[in-house]
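Asks: In terms of numbering that gives the first Met the number 0, the sequence shown has 94 at position 95, counting the first letter as 1, and numbering is strictly consecutive. So that we are looking at the same thing, I have put the structure below in structure tokens.
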Amino acid sequence: MEVRSVCFSSMFAAAVVAVFLLAPSPRAHAAQISVQIGPAPVCPYGYFPQPPYECAPYGYYGPEWFSGGIFIGAGPWFHGPHNFYGHVDNHFDIHHGYHGPLPHRGEQDHWNQGHFANHPHGEFHGNEMRDGHGNVHGGGHPH
Numbered sequence: 000m001e002v003r004s005v006c007f008s009s010m011f012a013a014a015v016v017a018v019f020l021l022a023p024s025p026r027a028h029a030a031q032i033s034v035q036i037g038p039a040p041v042c043p044y045g046y047f048p049q050p051p052y053e054c055a056p057y058g059y060y061g062p063e064w065f066s067g068g069i070f071i072g073a074g075p076w077f078h079g080p081h082n083f084y085g086h087v088d089n090h091f092d093i094h095h096g097y098h099g100p101l102p103h104r105g106e107q108d109h110w111n112q113g114h115f116a117n118h119p120h121g122e123f124h125g126n127e128m129r130d131g132h133g134n135v136h137g138g139g140h141p142h
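Laid out in structure tokens, this is it:
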């Protein structure tokens with residue numbers, strides 16, 4: 000009789016555990032989180048697409064990154080077309096070892112002064128293409 004009691008107790012305990020495991024759990028509603036990162040950096044020749052979004056030097060971005068002399072954005076502030084790819088010269092990328100001069104946020108451009116002109120104005124030598132979020136999509140020279 001004692002064996003039946005132990006066997007029945009084990010079966011009862013297993014049934015109770017199964018009920019708790021199979022019972023539907025209350026749904027947790029996911030809260031929507033909105034992250035505001037503030038306005039885009041004001042940089043004369045654009046900014047790098049990765050945090051901390053430092054200003055890029057003259058010569059990093061090709062001409063297709065500008066519309067009417069205004070940088071179209073990069074990273075979270077990109078406001079160009081969905082399928083956009085533009086040329087960059089990654090020799091001027093701090094993430095690839097560039098240690099030359101960088102403009103400061105809010106600084107005015109020096110197109111005619113040559114302060115950041117690593118290339119003569121109007122001459123650009125891109126070596127890779129990137130989308131507006133910094134993803135590399137091949138290389139090549141500007142079209």
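The C-beta atom is built at its ideal place from N, Cα and C for all residues, glycine as well.
With which residues is His86 paired in a DSSP beta bridge?
Replies: Met128
Asks: Around the Cβ of Gly105, are there at least 16 other Cβ atoms within 10 angstroms (buried) or fewer (exposed)?
Replies: Burial call: exposed.
Asks: Report the rounded CA-to-CA distance for Phe91 versus Ser66, giving the unit in angstroms.
Replies: Phe91 and Ser66 have their C-alpha atoms roughly 21 Å apart.
Asks: For a test of the three-state rule: what should DSSP assign to Ile71, helix, strand or coil?
Replies: The DSSP-derived three-state label of Ile71 is coil.
Asks: Report yes or no: do three or more beta-carbon pairs, one from the segment 54–65 and one from the segment 73–92, lie closer than 8 Å?
Replies: yes
Asks: Count the other CB atoms, across all protein chains shown, that sit within 10 Å of the CB of Ile36; report buried if there are 16 or more and exposed otherwise.
Replies: exposed
Asks: Using the Cα positions of Ile93 and Ala39, report the straight-line distance between them to the nearest angstrom.
Replies: 19 Å
Asks: For Pro80, is the classification buried or exposed, using 16 other Cβ atoms within 10 angstroms of its Cβ as the cut-off for buried?
Replies: exposed
Asks: Smallest Cα separation from Glu122: which of Tyr59, Asp130, His78 and Gln49?
Replies: Tyr59
Asks: Identify whether Phe123 lies in helix, strand or coil by the three-state DSSP scheme.
Replies: coil
Asks: Less than 8 Å between the C-beta atoms of Phe77 and Gly131, yes or no?
Replies: yes
Asks: For Ile69, count the other beta carbons within 10 Å of its own beta carbon; 16 or more makes it buried, fewer makes it exposed. Which is it?
Replies: Under this definition Ile69 is an exposed residue.
Asks: Let me know the secondary structure DSSP gives Pro43 once reduced to three states.
Replies: strand
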